[in-house]
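A.B. asks: The opening position of the sequence shown corresponds to residue 1028 in the working numbering, with each subsequent residue numbered one higher.
Backbone N, C-alpha and C define an ideal beta-carbon position, used for all residues, glycine too.
Quick one: this structure, given as structure tokens, is what I'll be asking you about.
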Amino acid sequence: MSLSFSESKTFKLNAFQLIDKIKILAEQCFQLSRIGTVVLDQQMEENEILSTYGSFVCIVQKIIEYRQRLSKFNEIIECCLSLIRDYEYVFNTFQDLNSQQRKISSKVSVNKQIFAQCKNDISDLIKFFNSYETIYPTLCKIYQTIEKKK
């Protein structure tokens, strides 16, 4: 089943917009991570001013905990970027297959069911990336997997 020119153009536009949104989200997450690091560094400077040893130790422990959380957060962001790269690869592969399918269709009869399934799979991928309810549990699972490895 071949996409019409209009459908293909709409599909490409939607896919590239989705990729751009995901890249923007990843960049914002990295910026948030940097801001968090600056805040933690400021807290460390304030901690040096504290006069009592007990409160100093408590705050240092919190800083260590925050740094560990930031580290885990950065690992999740890396996983998200990996998903984005995988999605781009799948999308580009689909576009190549779609182009090849059009060439083959003009010469011989093609099993259009294969390409329809590919289109459905890409559609499912787009739905996956568009669904916050799906991504959030996935990120939680990624985070838990990272935790288990440590």
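1. For S1031, does the three-state DSSP call read helix, strand or coil?
2. Suppose you measure from the CA of L1059 to the CA of L1097; what does that come to, to the nearest Å?
3. Who are the near neighbours of N1101 in its chain, counting only those whose CB is closer than 7 Å to its CB and skipping five residues on each side?
4. Measure the Cβ-Cβ separation of C1107 and A1042 and say whether it is below 8 Å.
5. Going by C-alpha distance, which of F1038, E1034, Q1044 is nearest I1111?
6. Could you round the C-beta distance between I1103 and L1067 to whole angstroms and report it? I think they count as a contact, below 8 Å.
C.D. replies: Looking at the atomic coordinates:
1. coil
2. Going by the C-alpha atoms only, they are around 10 Å apart.
3. So the list reads S1060, once near-sequence residues are dropped.
4. no
5. Q1044
6. I1103 to L1067, Cβ: 18 Å. No contact.
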